[in-house]
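Under mature numbering (1 follows the signal peptide of the UniProt record, and there is no 0), residues -18 to -1, 1 to 156 are what the sequence shown spells out, in order. Positions of the beta carbon are idealized from the N, C-alpha and C atoms, including for glycine. Below is one structure, written out as structure tokens, with a few remarks after it.
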Amino acid sequence: MLLLAVLGLVTPVVFAQAAAVSMAEQRAKAVTQVVLGILSYARWPQEPEQLRLCIVGPTQYTDDLVKGTTQATGRPVMVRRLLLGNPDIAGACDAVYLGELAPDERSQLFTSLIGRPVLSISEGADECTVGSLFCLRVGDEQVSFEVNLDSVARSGVRIHPSVLQLSRRRASGQ
């Protein structure tokens, strides 16, 4: 009887944990789709054969992305994690996915990218005025993004106007 009572209490907890994992996996897959979509509408001055996406800082939604993937165009995307102080970031990344970084760390990273055509995507939309080109808004139902038009203009990476129209536009300082 005690065993049944324990099982009765454990079962809802197990289902709740499975539902939470499932929701986290769904968010990670949705983030991957949005990131790949953004990357597919970007053009670099010299197009890389294999796009190099670097993840910097602790993230919540990159579990699916780090498995490596291919864009809809067939171009492979190499994904790797780099520590913030790694000198390779500026030269070995075509795009940077930023996790949680302190303001001074973000500033250090963006200073190292000045003059280089690197597309940056921040996981948190509240950081969109601090140099990122794109800032994700991850919700239960969908993933959307904002664009920092000032950062896009300075980046050296061209973004197709269709993507800019899909976003909630946000200029630096707003």
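Practice prompt. Evaluate contact between the stretch 57 to 66 and the stretch 33 to 45, counting only Cβ atoms and requiring at least three cross-stretch pairs below 8 angstroms.
Written response: yes
Worksheet item: Taking Cys75 as the reference, which of Phe92, Gln124, Ala6 has the closest Cα?
Response: Phe92
Practice prompt. Have a look at Arg9, Val78, Gln147, Gly138 and flag the residue whose alpha-carbon is nearest the alpha-carbon of residue 163.
Written response: Only positions -18 to 156 of the chain appear in this structure, which leaves residue 163 out of reach.
Discussion item. For Ile71 and Glu123, what's the separation of their Cα atoms in angstroms?
Written reply: 33 angstroms
Practice prompt. Mind listing, in chain order, the continuous beta strand (DSSP E) runs of no fewer than 3 residues lying wholly within the stretch 99 to 137?
Written response: 101 to 104, 116 to 120, 125 to 130
Worksheet item: Between Ala24 and the rest of its own chain, which residues show a CB-CB distance below 6 angstroms, the 5 nearest in sequence each way excluded?
Response: Leu101, Val139, Ile141
Practice prompt. Can you grab the Cα-Cα spacing for the pair Gln8 / Leu95, in whole Å?
Written response: 32 angstroms
Practice prompt. Spatial neighbours of Thr52 within its chain, please: CB distance less than 6 angstroms, with the 5 preceding and 5 following residues excluded, ordered by chain position.
Written response: So the list reads Pro58, once near-sequence residues are dropped.
Worksheet entry | Neighbour-count burial assignment, Thr55, 16 or more Cβ in a 10 Å radius | By the neighbour-count definition (other C-beta atoms within 10 Å, threshold 16), Thr55 is an exposed residue.
Worksheet item: Whose C-beta lies closer than 8 angstroms to the C-beta of Pro40 among residues of the same chain, with five residues either side of it excluded?
Response: Gly81, Glu82
Worksheet entry | C-beta atoms of Val48 and Val120 nearer than 8 angstroms | no
Fill in: Selection from Ser89, Glu87, Pro99, Gly50 that minimises the alpha carbon distance to Gly73
Pro99
Discussion item. List, from N- to C-terminal side, the alpha helix (DSSP H) runs of 4 residues or more that fit wholly inside the stretch 53 to 92.
Written reply: 70 to 74
Fill in: Best match in Glu128, Lys11, Asn68 for proximity to Ile103 [C-alpha to C-alpha]
Glu128
Item to complete: Counting only the same chain and skipping the five closest in sequence on each side, list residues whose C-beta sits under 7 angstroms from that of Val134.
Response: Excluding residues within five positions, the ones whose Cβ falls inside 7 angstroms are Leu115, Ile141.
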